[in-house]
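One structure is given below, encoded as structure tokens.
Number of protein chains: 2
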Amino acid sequence: MQLSAHRGETTRPRLAKAERREQILLELRLRPHVGIAELAARFGVSSETIRRDFEELSQHGLLCRSHGGASAAPQGRYPDFDERNQNRLEERERIGRRAAELVQPGDVVMIDSGSTTLQAARFIAHRDVSCTVITNSLPVTMALGQSAAVRVIVAPGDYDPAEAAVTGTETVDFLKRHRAGRCMIGATALAVDGVFETVRGFAAVKRAMLSVSRESHLLVDSAKFDRHGMARVAAPEEIGSVVTDRAPAGALSAILQRRGVAITRAT
Amino acid sequence: MQLSAHRGETTRPRLAKAERREQILLELRLRPHVGIAELAARFGVSSETIRRDFEELSQHGLLCRSHGGASAAPQGRYPDFDERNQNRLEERERIGRRAAELVQPGDVVMIDSGSTTLQAARFIAHRDVSCTVITNSLPVTMALGQSAAVRVIVAPGDYDPAEAAVTGTETVDFLKRHRAGRCMIGATALAVDGVFETVRGFAAVKRAMLSVSRESHLLVDSAKFDRHGMARVAAPEEIGSVVTDRAPAGALSAILQRRGVAITRAT
DNA sequence: CATGGAACGAGGGAAATCCCACAAAATGCA
DNA sequence: TGCATTTTGTGGGATTTCCCTCGTTCCATG
Chain A
855 MQLSAHRGET TRPRLAKAER REQILLELRL RPHVGIAELA ARFGVSSETI
905 RRDFEELSQH GLLCRSHGGA SAAPQGRYPD FDERNQNRLE ERERIGRRAA
955 ELVQPGDVVM IDSGSTTLQA ARFIAHRDVS CTVITNSLPV TMALGQSAAV
1005 RVIVAPGDYD PAEAAVTGTE TVDFLKRHRA GRCMIGATAL AVDGVFETVR
1055 GFAAVKRAML SVSRESHLLV DSAKFDRHGM ARVAAPEEIG SVVTDRAPAG
1105 ALSAILQRRG VAITRAT
Chain B
855 MQLSAHRGET TRPRLAKAER REQILLELRL RPHVGIAELA ARFGVSSETI
905 RRDFEELSQH GLLCRSHGGA SAAPQGRYPD FDERNQNRLE ERERIGRRAA
955 ELVQPGDVVM IDSGSTTLQA ARFIAHRDVS CTVITNSLPV TMALGQSAAV
1005 RVIVAPGDYD PAEAAVTGTE TVDFLKRHRA GRCMIGATAL AVDGVFETVR
1055 GFAAVKRAML SVSRESHLLV DSAKFDRHGM ARVAAPEEIG SVVTDRAPAG
1105 ALSAILQRRG VAITRAT
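The listed protein sequences derive, respectively, from chains A and B.
Heads up: the first sequence at position 117 corresponds to 971 in my numbering, and the numbers run straight through without jumps.
Heads up: the second sequence at position 73 corresponds to 927 in my numbering, and the numbers run straight through without jumps.
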């Protein structure tokens, strides 16, 4: 009613749908939960229509349905990549939980953006371990903000909405001005010739984190093994340890072992 | 809930209640929404018990009830402040919409954290005006990320979960290394002797934004008039214009007029 | 002008939730 | 041990939501 904006005409149905759904998503940025009846009244449409909106938005992973309404999708919407696999999600949770156990009280930890590292951040907050985290990811920041024991330092940079994280030279410069005891990074691929990332801006951030951290943990699920991405982040020997759901095999396993990379398997 | 828990014995139902509620809150750190039936089954209690848990936790502001379940409390929960007034919310929306109209294509805008400036950010994203925004607020960042036309630059700093924004010397230094055509800041009070902010860390951020912006807009609703906060942000003459819902009156009006502060009233 | 499709609303039976009051069980204290 | 208090479970009626289908409206296209 207040947002039909620039034109005083009657609301055109063609715009109505997209507009309405945009509004729903914007509203969910401000509140964790919206009700069906409430939105139906606000937009002057039937509850059935809102229900259909929820249905579609939910399929795209943009919100979470619940009885009588919907809540915001877990921070950081991993977009249309194949990341939305429920199987993988469970594996990422296991990996994140295991990685969170590596954090010791007093640690300074750099955490990369990504769905797996976000899981780690959630479990670190859950454990309430006293530490300092430096990150370029907004979802990681907010997840860790839940815990009063964690001090979170946000890096500056250009905002990338698709990943809900910042990148660029500001980010890299900032990270290089700091030092950390350990870092946790994700990747799109891990092969015998190194760690790969598809989004170029993020490769530089990961490299920066690796270069200023004493220990480093690569968080990847086993589906990433023996694949490649666009930009190489690091050689195998630059990684301190790999936290994953299934131990690698064959040549990859041999390389990692030879280069002294520890494998931590999350159960 | 005032019972002494320091005697570790077998699982006593006495602990059950507090323990259960703790678990509920921990679960909500990992997921945005939990259902009643689901939790009842998980804890082996009746749904009525879960309902009572929700009721009490909700009263303490630790979660948000919804039909059939509950969701996590809003990230930056400005808790007991009177901020949650629905009336004020509409006024803030009007102010935000009006302020968004001030942004011209090509502008570089600094936007402060706060509920009113967040509204402005939402409407800027809604207008799809091509501009660059520098902010210390995560909600502002994400709201603007909705628009492909807006380039968002995030300032670094210590994360404040209560406001979902960063502050500190890193933030201030970063802002001072930049220049902007205009800035939009909120405040907790506006009186004849200046602009006030209650949270000290944020006053420094607002001052930094003011000092590097050619034009400045103060976004405050009329309930903030003739009140004070803990820290003074600026003198009246340091503000370029005030965007508000109702024109100030009396001495405040006279001072602003004499100091050349423009008043923009949002309809 | 006619046709097709998308979006939306209406209706109704099934299921889930809510709310209230009261009873049962567990616990603390004397 | 016995009693008061707290916590939890149960039951049922009112309400809300769900989910499915069908008819209407509006727009685009030929």
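Using N, Cα and C, we set each Cβ at its ideal position, and we do this for glycine too.
Length-filtered (4 minimum) alpha helix (DSSP H) runs lying within the segment 879-932 of chain A:
Scanning the segment 879-932 of chain A from its first residue to its last, the whole alpha helix (DSSP H) runs of 4-plus residues come out as 890-897 and 901-913.
9 Å Cβ cut-off: residues of chain B touching Asp-907 (chain A):
Those within 9 Å of Asp-907 (chain A) in chain B number zero; the least Cβ separation is about 16 Å.
Under 9 Å between the Cβ atoms of Ile-1117 (chain A) and Ser-1070 (chain A)?
No, these two residues do not count as a Cβ contact at 9 Å.
Taking the C-alpha atoms as reference points, what is the distance between Phe-1028 (chain A) and Thr-1098 (chain B)?
Rounded to whole angstroms, the separation of the alpha carbons of Thr-1098 (chain B) and Phe-1028 (chain A) is 37 Å.
DSSP on Val-1115 (chain B), reduced to helix/strand/coil?
In the three-state DSSP reduction, Val-1115 (chain B) falls in the coil class, being neither helix nor strand.
Is Ser-920 (chain A) close to chain B, meaning its C-beta is less than 9 Å from at least one C-beta of that chain?
Yes, because at least one Cβ of chain B sits closer than 9 Å to the Cβ of Ser-920 (chain A).
In chain order, what residues of the same chain lie with their CB nearer than 7 Å to the CB of Arg-946 (chain B), ignoring the 5 residues before and after it?
If we look at Arg-946 (chain B) and ignore the five residues flanking it on each side, its Cβ neighbours are Ser-969, Thr-970, Gln-973 and Asp-1075.
Quick one: which residues of the segment 942-968 of chain B get their C-beta closer than 9 Å to a C-beta of chain A? List them in chain order.
Within the segment 942-968 of chain B, those residues whose Cβ lies closer than 9 Å to any Cβ of chain A are, in chain order, Glu-944, Glu-947, Arg-948 and Arg-951.
Closer than 9 Å to chain A by CB, Glu-873 (chain B):
Cβ-Cβ to chain A under 9 Å: no for Glu-873 (chain B).
So what does DSSP say about Thr-989 (chain B), is it helix, strand or coil?
Thr-989 (chain B): strand per DSSP, three-state reduction.
To the nearest angstrom, how far is it from the Cα of Ile-1138 (chain B) to the Cα of Ala-1058 (chain A)?
Absent from the model: residue 1138 (chain B). The displayed extent of chain B is 855 to 1121, so no value can be given.
For Leu-893 (chain A), the nearest candidate out of A:Ile-904, A:His-887, A:Glu-910 and A:Pro-886 (CA to CA):
Looking at the Cα atoms, A:Ile-904 is the closest of the given residues.
Where does Ala-1103 (chain B) sit, in a helix, a strand or coil, going by DSSP?
DSSP places Ala-1103 (chain B) in the coil class of the three-state scheme, outside both helix and strand.
Is Arg-1061 (chain B) near the ligand FMN, in the sense that its beta carbon is under 8 Å from a heavy atom of that ligand?
Only the bare structure without any ligand can be found here, which leaves the ligand FMN out of the picture.
Less than 9 Å between CB atoms is the rule here; does Val-1006 (chain A) satisfy it with respect to chain B?
At a cut-off of 9 Å between beta-carbon atoms, Val-1006 (chain A) makes contact with chain B.
Terminal residues of the alpha helix (DSSP H) in which Val-1046 (chain A) lies
Careful: Val-1046 (chain A) lies outside any alpha helix (DSSP H) and carries neither H nor E.
Rounded to the nearest angstrom, how far is the Cβ of Val-1115 (chain A) from that of Ile-1093 (chain A), given a contact under 8 Å?
Contact between Val-1115 (chain A) and Ile-1093 (chain A) holds: CB atoms are separated by about 5 Å, below the 8 Å threshold.
What did DSSP end up calling Arg-951 (chain B) once you bin it into helix, strand or coil?
Three-state DSSP puts Arg-951 (chain B) in a helix.
Whose C-alpha, out of B:Ala-1003, B:Ile-1007 and B:Tyr-1013, is nearest the C-alpha of Ile-1007 (chain A)?
The residue among B:Ala-1003, B:Ile-1007 and B:Tyr-1013 with its C-alpha nearest the C-alpha of Ile-1007 (chain A) is B:Tyr-1013.
Determine which residues of the segment 1017-1039 of chain A have a Cβ less than 8 Å from any Cβ of chain B, and write them out in chain order.
Across the segment 1017-1039 of chain A, CB contacts with chain B closer than 8 Å involve Ala-1018, Val-1020, Glu-1024 and Phe-1028, in sequence order along the chain.
Pro-1010 (chain A) versus A:Ala-1088, A:Met-964 and A:Val-1020, residue with shortest Cα-Cα distance
For the residues A:Ala-1088, A:Met-964 and A:Val-1020, the minimum Cα distance to Pro-1010 (chain A) belongs to A:Val-1020.
Using a Cβ-Cβ cutoff of less than 8 Å, which residues in the same chain neighbour Ala-1062 (chain B) once the five nearest sequence positions on both sides are dropped?
Around Ala-1062 (chain B): Thr-1025, Val-1026, Leu-1029 and Lys-1030.
Out of B:Val-888, B:Ile-949, B:Arg-906 and B:Arg-875, which has the shortest C-alpha to C-alpha gap to Thr-1121 (chain B)?
When each option's Cα is compared against that of Thr-1121 (chain B), the closest is B:Ile-949.
Pull up the distance between the alpha-carbon of Ile-878 (chain B) and that of Arg-896 (chain B), whole angstroms please.
About 11 Å.
Taking the straight line between their C-alpha atoms, what separation do you get for Ala-1043 (chain B) and Arg-952 (chain B)?
Cα to Cα, Ala-1043 (chain B) sits roughly 20 Å from Arg-952 (chain B).
Reduced DSSP secondary structure (H/G/I, E/B, other) of Glu-937 (chain B):
Low confidence applies here, because Glu-937 (chain B) scores a pLDDT of 41, under 50, leaving its location unreliable and the question unanswered by this model.
Using a C-beta cutoff of 9 Å, does Ala-894 (chain A) count as contacting chain B?
Closer than 9 Å: no.
Does the Cβ-Cβ distance between Leu-998 (chain A) and Ala-1018 (chain A) come in under 9 Å?
It is not a contact, given that the beta carbons lie outside the stated cut-off.
Please identify the residue among B:Glu-910, B:Ala-1016, B:Glu-902 and B:Arg-885 whose C-alpha is closest to the C-alpha of Ala-872 (chain B).
Looking at the Cα atoms, B:Glu-910 is the closest of the given residues.
Identify the continuous alpha helix (DSSP H) that holds Thr-971 (chain B) and give its terminal residues.
First-last of the alpha helix (DSSP H) with Thr-971 (chain B): 969-981.
Any Cβ of chain B within less than 9 Å of the Cβ of Gly-915 (chain A)?
The C-beta of Gly-915 (chain A) comes no closer than 9 Å to any C-beta of chain B.
Scan the segment 980-995 of chain A for residues whose Cβ lies nearer than 7 Å to a Cβ of chain B and list them as they occur along the chain.
Identification of residues in the segment 980-995 of chain A having a C-beta nearer than 7 Å to some C-beta of chain B yields His-980, Leu-992 and Thr-995, given in sequence order.
Backbone CA spacing between Ser-900 (chain B) and Ala-926 (chain B) [nearest angstrom]:
Taking the straight line joining both Cα atoms gives about 22 Å.
Return the bridge partner residues of Arg-1081 (chain B) from the DSSP annotation.
For Arg-1081 (chain B), DSSP assigns no beta-bridge partner whatsoever.
Are the beta-carbon atoms belonging to Gly-1104 (chain B) and Asp-1080 (chain B) less than 9 Å from one another?
Going by C-beta atoms, Gly-1104 (chain B) is nearer than 9 Å to Asp-1080 (chain B).
Tell me the start and end of each unbroken alpha helix (DSSP H) in the segment 993-1021 of chain A that is at least 4 residues and wholly inside, in chain order.
Counting only runs of 4 or more, we get nothing.
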